[in-house]
Amino acid sequence: MVPVSSPTKALNNPRLSKVLRHRFVRSLQVVIRGWSALVARGDGEVGQWQLLGILRSSRVGRPLHYTLQIQSFSLLKAALAASNCDRYESQIFNVGCYSWKLAVYPNGDEERNGSNHISLYLVKAEDENATTSEVNVWFTFLVYDTLKDRYMTFQDGKVRRFHAMKKEWGFEKLVSLDTFNDTSNGLLVDDCCAFGVDIIVMKFYDGKGEVLSFIQQPKNCTQYSYIFIKLSSVQTESDPFNMENYKWYA
Numbered sequence: 007m008v009p010v011s012s013p014t015k016a017l018n019n020p021r022l023s024k025v026l027r028h029r030f031v032r033s034l035q036v037v038i039r040g041w042s043a044l045v046a047r048g049d050g051e052v053g054q055w056q057l058l059g060i061l062r063s064s065r066v067g068r069p070l071h072y073t074l075q076i077q078s079f080s081l082l083k084a085a086l087a088a089s090n091c092d093r094y095e096s097q098i099f100n101v102g103c104y105s106w107k108l109a110v111y112p113n114g115d116e117e118r119n120g121s122n123h124i125s126l127y128l129v130k131a132e133d134e135n136a137t138t139s140e141v142n143v144w145f146t147f148l149v150y151d152t153l154k155d156r157y158m159t160f161q162d163g164k165v166r167r168f169h170a171m172k173k174e175w176g177f178e179k180l181v182s183l184d185t186f187n188d189t190s191n192g193l194l195v196d197d198c199c200a201f202g203v204d205i206i207v208m209k210f211y212d213g214k215g216e217v218l219s220f221i222q223q224p225k226n227c228t229q230y231s232y233i234f235i236k237l238s239s240v241q242t243e244s245d246p247f248n249m250e251n252y253k254w255y256a
């Protein structure tokens, strides 16, 4: 039989460790060069990638969890202006045992420096049935390109934490209004458009847990006796006694 070196011995070998580090660095350089090529390629099979805070791409697949179709975008803007409101909120939909809404600003979220852009947010709706008010989510926004029959996707690659003090996350500058209103881009055609979202609930904190501890049996174990002389008149608990730095009673 051929002896096999254990993983521990292999990792403790200085020469082998140097080789592994060298291979890791080379692999990392390959990944970085590949990523840079994707960014520089622009429009192509992989879509449009831009590292400007928002990672943009495109795909054929529809939104996984919710689609908001607007059949008269100009009338929506007029209705919001007439009601002195700057955003439209979708109906509530459920994903991962939580309730959500989409909030779209047709003229941009001016309070968060989103003027002259389409602003889009994912909002955690109030839900009495939710197990906890805190949840971590990874999400992707989508805008339908009618001319290409594809969806533009928008994400920042970060897991966002929704809780009582922060109920919405999104992009104040999703798409510039110049790009969105230009019909040659396919995002607004015949006054119609569609937004969507993919939601992946990563994890949540519900406040549950446990503490496990052990007390080793002392070498010199002392027995304590508590004698009831008149059961009806005595107290229900014994006098406290000490053992292993703790106080006990019977």
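Counting in this note's numbering, the sequence shown runs from 7 upward without gaps.
Positions of the beta carbon are idealized from the N, C-alpha and C atoms, including for glycine.
This one's a predicted model, so the numbers in the text were calculated from it and none came from an experiment.
message = I'd like the ranges of any beta strand (DSSP E) spanning at least 3 consecutive residues and lying wholly in the stretch 118-157.
response = DSSP runs (the beta strand (DSSP E)) wholly in the stretch 118-157: 123-130 and 141-151.
ask   = If we ignore side chains and look at the alpha-carbon of each, how far apart do Met-208 and Ser-139 end up?
value = 14 Å
request  = Compute the beta-carbon to beta-carbon distance between Leu-153 and Gly-192, rounded to the nearest angstrom, for a pair I have assumed lies under 8 Å.
outcome  = In this structure Leu-153 is in contact with Gly-192, their Cβ atoms being roughly 3 Å apart against a cut-off of 8 Å.
key: Coarse secondary structure for Lys-173, derived from DSSP in three states   = coil
ask   = Closest by CA to Ile-124, which one among Met-171, Tyr-252 and Leu-108?
value = Nearest C-alpha to Ile-124: Leu-108.
Reduced DSSP category for Gly-50 - H, G, I as helix; E, B as strand; rest coil = Any answer about Gly-50 is weak, because its pLDDT of 36 lies below 50 and its placement is not dependable; what the coordinates show is given next. Three-state DSSP puts Gly-50 in coil, outside helix and strand.
Among Lys-164, Tyr-252, Val-143 and Leu-194, nearest to Ser-105 - alpha-carbon criterion = Val-143
ask   = Do Ile-280 and Leu-82 have their CB atoms nearer than 7 Å?
value = There is no way to answer for residue 280, as the model of the chain reaches only from 7 to 256.
query = Which residues in the same chain have their Cβ closer than 6 Å to the Cβ of Glu-95, if we skip the five residues on either side of it in sequence?
reply = Lys-107 and Ala-109
query = What did DSSP end up calling Asn-248 once you bin it into helix, strand or coil?
reply = strand
ask   = What are the residues that DSSP puts in a beta bridge with Phe-99?
value = Trp-106
ask   = Could you give the distance in angstroms between the alpha-carbon of Leu-180 and the alpha-carbon of Leu-126?
value = 7 Å
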